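In the UniProt record's numbering, the protein residues as written are 1 to 475.
For every residue, glycine included, the Cβ atom is placed at its ideal position computed from N, Cα and C.
For clarity, every value in this text was computed on a predicted model and none was experimentally measured.
Each remark here refers to the structure printed beneath this line.
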């Protein structure tokens, strides 16, 4: 797998101190199988199930400085490329963590879209004869539940209840469900109903929120009246489109269709070169995994392949480490399946290279390798040209030379505040940061600012639940 950009500085010194052919007839030939959809649901379920943290809980996170560093990187990207009055398309917007960054950039309009609508249901089942239980708490996937229990969503006064109610058509007993939604969290954050410890003034731009899979749905149909956008952002999510060629193409087609000529696409995602390099250094990493285990487990348990490496607080089994398919440290681990034992990846099959990724207090779901030279080539087919790509270490080294970004780093606290707070990124967090890169693409064509019309009437300054638009691939 060839490196598509110059090498990054070595991570050994620790953190700084204070080509597929385009199908002109469309992408329908690349059909997704059910397993691809299941993995997409797993990713959505993972992020939906994450609960909101208080300020104290956030500060206690084992990767708090890594989170602050990532926020710094995103802030720098937005400061570099967003302009006053810009229309913003935020793909995989999550809980709206970048809203303040866009507000500081004085953008004029914002559309956020995220898939994590809340696929988990916590069901309280009361004397349901279909299940033959007097009382039971069950955690199930909504899409698995409906065909089994034949649930019909109940409505009150013709409207869906905010606390969803379901009726089992087999025995007519009621089911109550509570959903956890990233897009709902984004709504409450935009409205100022969240972050009770960080009350702030209202955002200055109108916004729209959409719930749907931006790597599956044609967004140009949904956002025809909102386009063109001046800038598109996809932070730490683009790799979830790389499960199939169809999803990767849909993601880039959406960006290209909605950006104006000269518009900018900014993003962050895992650095495939670093991940593959670490995988191929399996012999050294194998010893790093096994030695801590030798110190704390009995001789008998050494021969159990299901023994969990407790010292790394992960679920990566010894058999994967022994085969050199797993690596990590105290804050993250990555595990490849046995099909990649030879650690070789066919250049003819750059999509669907899956691995399991765990990052303490942040991520625990399947992800996909994105060979950057393939990403660059595919983007060019959709009129998106590379401006730059930098590994996170290289990004930090370059922009920490600029006084305004040094001050921003101090305010965010990734390296301490230079005063009372002397805390900084741990070496393990710094290594985890090395797993990511930042990129900027620009859509071909000459900018035409006369196209930029006021979108004040297309969004709301206060978003109600019913204002959220839910879309699927059939829309």
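What does the alpha-carbon distance come out to for the pair residue i and residue j?
{"i": "residue 410", "j": "residue 425", "result": "13 Å"}
{"i": "residue 245", "j": "residue 377", "result": "13 Å"}
{"i": "residue 362", "j": "residue 218", "result": "29 Å"}
{"i": "residue 447", "j": "residue 386", "result": "17 Å"}
{"i": "residue 147", "j": "residue 115", "result": "Confidence at residue 147 is low in this model, with a pLDDT of 33, below 50, so its placement is unreliable and no value can be given for it."}
{"i": "residue 266", "j": "residue 332", "result": "25 Å"}
{"i": "residue 443", "j": "residue 109", "result": "20 Å"}
{"i": "residue 434", "j": "residue 460", "result": "39 Å"}
{"i": "residue 330", "j": "residue 67", "result": "15 Å"}
{"i": "residue 271", "j": "residue 441", "result": "16 Å"}
{"i": "residue 255", "j": "residue 62", "result": "34 Å"}
{"i": "residue 205", "j": "residue 347", "result": "44 Å"}
{"i": "residue 253", "j": "residue 264", "result": "14 Å"}
{"i": "residue 480", "j": "residue 269", "result": "Look at the range of the chain in this structure, 1 to 475, and you will see that residue 480 is not part of it."}
{"i": "residue 223", "j": "residue 258", "result": "8 Å"}
{"i": "residue 237", "j": "residue 82", "result": "20 Å"}
{"i": "residue 274", "j": "residue 88", "result": "30 Å"}
{"i": "residue 458", "j": "residue 345", "result": "46 Å"}
{"i": "residue 79", "j": "residue 323", "result": "44 Å"}
{"i": "residue 239", "j": "residue 336", "result": "16 Å"}
{"i": "residue 286", "j": "residue 243", "result": "With a pLDDT of only 43 at residue 286, under the threshold of 50, the placement of this residue in the model should not be trusted; the figure read from the coordinates follows. If you take the alpha carbons of residue 286 and residue 243, they lie about 27 Å apart."}
{"i": "residue 467", "j": "residue 326", "result": "44 Å"}
{"i": "residue 403", "j": "residue 436", "result": "24 Å"}
{"i": "residue 401", "j": "residue 107", "result": "26 Å"}
{"i": "residue 356", "j": "residue 341", "result": "15 Å"}
{"i": "residue 334", "j": "residue 235", "result": "20 Å"}
Which residues in the same chain as residue i place their Cβ atom closer than 6 Å to its Cβ, once the five residues preceding and following it in sequence are excluded?
{"i": "residue 215", "result": "241, 247, 250 and 251"}
{"i": "residue 90", "result": "112 and 233"}
{"i": "residue 374", "result": "350"}
{"i": "residue 343", "result": "279 and 280"}
{"i": "residue 530", "result": "Residue 530 is absent from the model: the chain starts at 1 and stops at 475."}
Could you please give me the residues that DSSP links to residue i through a beta bridge?
{"i": "residue 333", "result": "328 and 358"}
{"i": "residue 416", "result": "414"}
{"i": "residue 187", "result": "For residue 187, which the question treats as bridged, DSSP gives no partner whatsoever."}
{"i": "residue 268", "result": "235 and 438"}
{"i": "residue 368", "result": "354"}
{"i": "residue 374", "result": "BP columns for residue 374 are empty, so no partner."}
{"i": "residue 390", "result": "438"}
{"i": "residue 90", "result": "112 and 233"}
{"i": "residue 402", "result": "Residue 402 is not bridged to any residue."}
{"i": "residue 210", "result": "113 and 469"}
{"i": "residue 363", "result": "359"}
{"i": "residue 443", "result": "384"}
{"i": "residue 460", "result": "207"}
Can you tell me which of the options puts its alpha carbon nearest to the alpha carbon of residue i?
{"i": "residue 498", "options": "75, 386, 213 and 113", "result": "It is not possible to answer for residue 498, since the shown part of the chain is limited to 1 through 475."}
{"i": "residue 276", "options": "66, 445, 471 and 372", "result": "372"}
{"i": "residue 227", "options": "212, 243, 261 and 234", "result": "261"}
{"i": "residue 432", "options": "347, 65 and 400", "result": "65"}
{"i": "residue 209", "options": "436, 347 and 184", "result": "184"}
{"i": "residue 369", "options": "354, 379 and 236", "result": "354"}
{"i": "residue 190", "options": "347, 403 and 465", "result": "465"}
{"i": "residue 60", "options": "423, 402, 225 and 405", "result": "423"}
{"i": "residue 439", "options": "427, 473, 388 and 407", "result": "388"}
{"i": "residue 430", "options": "404, 397, 326 and 336", "result": "397"}
{"i": "residue 85", "options": "202, 230, 403 and 405", "result": "230"}
{"i": "residue 462", "options": "379, 193, 405 and 399", "result": "193"}
{"i": "residue 360", "options": "338, 341, 384 and 328", "result": "328"}
{"i": "residue 384", "options": "207, 445, 341 and 235", "result": "445"}
Can you name, in chain order, every residue of its own chain whose Cβ lies under 7 Å from the Cβ of residue i, other than the five neighbours on each side?
{"i": "residue 93", "result": "112, 113, 114 and 186"}
{"i": "residue 212", "result": "113, 115, 470, 471 and 472"}
{"i": "residue 69", "result": "414, 425 and 433"}
{"i": "residue 72", "result": "408, 409, 412 and 414"}
{"i": "residue 203", "result": "99, 103 and 190"}
{"i": "residue 405", "result": "76 and 399"}
Sorted by chain position, which residues of the same chain lie with C-beta nearer than 8 Å to residue i's C-beta, five sequence neighbours on each side aside?
{"i": "residue 132", "result": "In this predicted model, residue 132 has a pLDDT of only 35, less than 50, meaning its place in the structure is not dependable; the value taken from the coordinates is given anyway. Cβ neighbours of residue 132 beyond the five flanking positions: none."}
{"i": "residue 144", "result": "Residue confidence for residue 144 is low, a pLDDT of 35 falling below 50, so the modelled location carries little weight; the figure read from the coordinates is stated next. There are no such residues."}
Answer yes if the region 390-409 comes into contact with the region 90-102, meaning at least three C-beta pairs across the two stretches below 8 Å, and no otherwise. no
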